[in-house]
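Participant: One structure is given below, represented as C-alpha cells, and several questions about it will come after.
Written as C-alpha cells, this is what we have:
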C-alpha cells in the first residue's frame with residue numbers, strides 16, 4: 001500500500017503511538033550523541049544524520065539478562081526471563097543500511113536453536129524505515145548491493161518529500177496494519193516530489209569475486225599488511241549493524257546475581273583465548289582476518305548472506321583509520337589480478 | 338532436546354554428588370540432575386559436550402566425560418585454571434551447578450562396530466575419550482581389540498588412576514601407559530617416553546582399526562604422522578577439538594575454525610576434516 005503523510009500528521013502519528021503505550025524508538029540526541037533511543041516526544045526525532053550506533057541494539061541490547069539466580073541455604077533457584085515483558089516497539093527513522101541488517105541477523109539467531117531474546121523482540125517490533133537522503137564519504141551501501149532506497153527489513157518505508165511530509169509504502173503485514181490502524185492520518189499520494197536520494201560511494205564490489213578470493217586465501221601475506229594497524233579496540237564491531245558476537249557473563253556473588261549476555265568482538269585477544277593460555281587467533285592480523293572472513297565468506301557459506309550493509313560506521317570510528325571499503329577494494333583488485 | 342519456545346541459555350540444575358581429585362589440580366564432578374524428568378530424559382552420545390556453570394562465576398565448556406551407558410548421572414573433569422574452573426573446584430557434594438547441553442556432534446560409534454579401536458591420548462585429554470572408552474567397554478562384544486595408549490608429563494598428572502588400574506587388570510583391553518622422561522617415580526610400571534614415540538614402538542596394525550586421538554596440539558602434531566606411517570587413513574582417525582566457547586549453540590561466534598563451528602559441526606572430526614580446515618586452532 002502506498003500513502004502520503006504530512007509532517008504535522010507524522011508528528012501526530014508518533015504522539016499517538018507514544019500515548020498508546022508503544023515503545024517508540026528513533027534517532028535521538030543523548031548527551032550530544034545521536035542514538036536509537038526511546039522517544040517521549042515527536043520533536044526528539046532527528047532524521048538528517050546517521051545515528052552513532054546501529055539499530056541492532058533494539059533486538060540485541062548491549063547487555064541483557066538471561067536469567068537470575070538466588071541461593072538460600074543449599075537451595076539454588078534460577079529465575080527465567082519472561083519474554084512477554086519485551087515491549088511492543090515501533091522503530092522509526094531506520095536507515096536502509098540498518099534495516100537491511102536485521103533480516104541478515106535473523107539467520108544466525110533462528111537457525112537450529114532459537115534465540116528467543118532476539119526473536120521475541122523481533123516479533124514485537126515494527127520497523128519504519130527512512131529512504132536515505134544524506135550520505136558521507138564513508139557510506140558504501142551501493143557497493144555491497146544495497147541502495148539509499150533499499151526496503152529490505154522495513155515494514156513501512158518513509159520517503160521524504162520536497163516541501164515536507166513523506167511518501168509511505170508498506171512492505172509487510174505489520175506495516176500494512178500500522179497504516180490501517182492510523183488510516184485517518186494518511187492520504188492518497190498526489191503528484192509528489194521526493195527529496196534527491198543520497199549518493200554514496202560509486203564503486204561497486206563484486207562480492208562473489210571477493211568471496212572466491214577469500215575462499216582460497218586464508219593464508220596470504222596481504223593479511224599482515226591489511227591489519228597491521230588494528231589495535232583491537234572493538235569499536236568497529238560495536239557500531240556495526242551486523243556484528244553479533246557475544247559473551248555470557250555472571251554478575252553477582254555465589255549467593256545471588258544474574259547471568260547476562262554482552263556484546264563482544266572478534267578483535268579482542270581474549271575472544272578466543274583458552275584458559276590454558278593457548279590462543280588460536282593470537283595475533284591481531286589473525287583477528288582482523290576473521291572479521292573480514294566472517295562477514296564476506298563464513299556467513300555466506302553458512303547462510304548465503306553478507307554481514308555488511310555498507311553503513312560506513314566502522315570507517316568513521318576506527319581510531320587508526322582502517323577502511324573496510326578500502327580493504328574490499330584491495331581484495332577485489334587481488335581477485336582481478 | 339531443543340525446545341523452540343524455551344530460553345536456550347537456561348541451564349538444568351544438578352547437584353554435585355561426588356568430588357574426585359584426579360591430580361592435584363584436576364577434578365572430576367559427578368552430577369545428578371535435580372529434576373526427575375531431566376534425570377530420565379537427558380540423553381547424550383559419547384563425544385558431546387556441555388556448558389557447566391558455577392553460579393556467580395560463569396560457564397565453562399567441557400565434554401561429558403562419563404559414558405552414556407552409565408545412567409543417572411553425568412561427570413565432567415577439568416583443571417582449575419580460570420575463574421569458572423576455580424569456582425567449580427570449590428564446590429562440595431550437595432552444591433548446585435548449572436548444566437546446558439548436550440551439545441555438538443558425537444563419535445559415530447555404530448560405524449566402529451566390528452573394528453579394532455586404538456585410543457591415543459595424553460594428560461587431561463583422556464576425559465573426552467574416556468566417555469567413548471567406557472561406552473565401548475560396556476558394549477565390549479561389538480568391537481575387536483581395544484588398545485589405549487595414554488601418556489602424561491609425570492605419574493601424578495595421569496587422570497582416572499583407579500580406572501587405569503582397572504583397565505590394566507581386565508583382560509579385554511590393552512593399556513599402554515607412559516610418562517615423559519623424568520616423570521617416572523621408583524614404583525612406575527609403565528613406559529617412559531613421549532606418546533608418539535611409544536606409539537611408534539608399539540606399531541599397532543592399522544587394518545580394520547579406528548584410531549581415536551585426543552591430546553595437546555603438540556602431541557597431535559607428532560602422533561598423526563606416526564599413524565600415517567602405520568597405514569591409517571585420515572578417514573579412520575578421529576579427534577575431538579576444543580575452542581573457547583560461550584553459547585555452544587552456533588550463535589556467539591568465537592569457536593569457529595574457518596567456517597567450521599566447533600560447537601555445531603564438531604567437536605568430533607576426522608583427521609581428514611581437520612586437515613582441510615584452515616590451520617587456526
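Residue numbers (my numbering), protein chains in the order written: chain Z, 1 to 337; chain U, 338 to 618.
Glycine is no exception: its CB is placed at the ideal position from the N, C-alpha and C atoms.
1) Would you kindly work out how many angstroms separate the C-alpha atoms of residue 303/Z and residue 110/Z, rounded to a whole number?
2) Below 6 Å CB to CB, which residues in the same chain sit around residue 62/Z once its five sequence neighbours on both sides are set aside?
3) Could you confirm whether any beta carbon from chain U is found closer than 8 Å to the beta carbon of residue 132/Z?
4) Any beta carbon from chain U within less than 8 Å of residue 274/Z's own beta carbon?
5) Does any CB atom of chain U fall closer than 8 Å to the CB of residue 145/Z?
6) With 8 Å set as the bound, which would you pick, yes or no: does the beta-carbon of residue 367/U sit closer than that to a beta-carbon of chain Z?
7) Determine the DSSP secondary structure at residue 356/U, reduced to helix, strand or coil.
8) In terms of alpha-carbon separation, which member of 48/Z, 257/Z, 120/Z, 42/Z lies closest to residue 159/Z?
9) How about residue 346/U: is its C-beta nearer than 8 Å to some C-beta of chain Z?
10) Taking C-alpha atoms, which residue in 113/Z, 87/Z, 176/Z, 200/Z lies nearest to residue 154/Z?
11) Can you name, in chain order, every residue of its own chain whose Cβ lies under 7 Å from the Cβ of residue 318/Z, other than the five neighbours on each side?
12) Taking DSSP as the reference, what is the three-state secondary structure of residue 391/U?
13) Count the other C-beta atoms from every protein chain shown that fall within 10 angstroms of the C-beta of residue 203/Z, then say buried if there are 16 or more, exposed otherwise.
14) Determine the direct distance from the alpha carbon of residue 524/U to that of residue 407/U, and round the result to whole angstroms.
15) What residue from 392/U, 601/U, 417/U has the CA that sits closest to residue 276/Z's CA?
16) Just to confirm, is the Cβ distance from residue 36/Z to residue 42/Z under 8 Å?
17) Using the rule of at least 16 other Cβ atoms within 10 Å of the residue's Cβ for burial, across every protein chain shown, is residue 464/U buried or exposed?
18) Flag this pair as yes or no: are the beta carbons of residue 371/U and residue 347/U separated by less than 8 Å?
19) Could you tell me which chain Z residues have their CB closer than 9 Å to the CB of residue 489/U, listed as they occur along the chain?
20) Quick one: is residue 444/U buried, meaning 16 or more other Cβ sit within 10 Å of its Cβ, or exposed?
21) Taking residue 533/U as the reference, which of 526/U, 352/U, 558/U has the closest Cα?
22) Who are the neighbours of residue 394/U on chain Z, taking C-beta pairs under 7 Å?
23) If you scan the stretch 211-281 of chain Z from start to end, which runs of the beta strand (DSSP E) of 3 or more residues do you find wholly inside it?
24) Checking 8 Å against the spacing of the C-beta atoms, do residue 468/U and residue 397/U come in under that value?
25) From this set, 345/U, 395/U, 392/U, 439/U, which residue's C-alpha is nearest residue 385/U's C-alpha?
26) In this structure, what does DSSP give as the bridge partners for residue 89/Z?
27) Based on the DSSP output, what are the partners of residue 109/Z in its beta bridges?
28) To the nearest angstrom, how far is it from the Cα of residue 162/Z to the Cα of residue 136/Z?
29) Taking residue 79/Z as part of the beta strand (DSSP E), name the residues at either end of that continuous run.
30) Looking at chain Z, is there any beta carbon in it that lies within less than 8 Å of the beta carbon of residue 422/U?
31) With a cut-off of 8 Å, does the C-beta of residue 584/U fall near any C-beta of chain Z?
32) Identify, in the order they occur along the chain, each residue of the same chain with its Cβ nearer than 7 Å to the Cβ of residue 322/Z, setting aside the five sequence neighbours on each side.
33) Confirm, please, whether the CB-CB distance from residue 242/Z to residue 341/Z is below 8 Å.
34) Interface residues of chain U around residue 108/Z at Cβ under 7 Å?
35) With a threshold of 8 Å, are at least 3 pairs of Cβ atoms found where one atom belongs to the stretch 502-520 of chain U and the other to the stretch 472-490 of chain U?
36) Write down every uninterrupted run of the beta strand (DSSP E) in the stretch 466-497 of chain U whose length is 3 residues or greater and which is fully enclosed by it, in chain order.
Facilitator: Concretely, from the data shown:
1) 11 Å
2) 263
3) no
4) yes
5) no
6) no
7) strand
8) 48/Z
9) Closer than 8 Å: yes.
10) 176/Z
11) Only 235, 236 meet the Cβ criterion.
12) Correct three-state label for residue 391/U: strand.
13) That one is exposed.
14) 32 Å
15) Closest option to residue 276/Z, judged by alpha-carbon separation, among 392/U, 601/U, 417/U: 417/U.
16) Taking 8 Å as the Cβ cut-off, residue 36/Z and residue 42/Z do not qualify as a contacting pair.
17) buried
18) no
19) None at all; the shortest Cβ gap to chain Z is about 15 Å.
20) buried
21) Checking every option, the nearest Cα to that of residue 533/U belongs to 558/U.
22) 250
23) 246-252, 256-263
24) no
25) 439/U
26) 23/Z, 125/Z
27) None; residue 109/Z has no bridge partner.
28) 21 Å
29) Segment 75-80, the beta strand (DSSP E) holding residue 79/Z.
30) At least one chain Z Cβ lies under 8 Å of residue 422/U.
31) yes
32) 229, 230
33) Lying outside 1 to 337, the shown extent of chain Z, residue 341/Z is not represented and no answer is given.
34) 588
35) yes
36) 483-489
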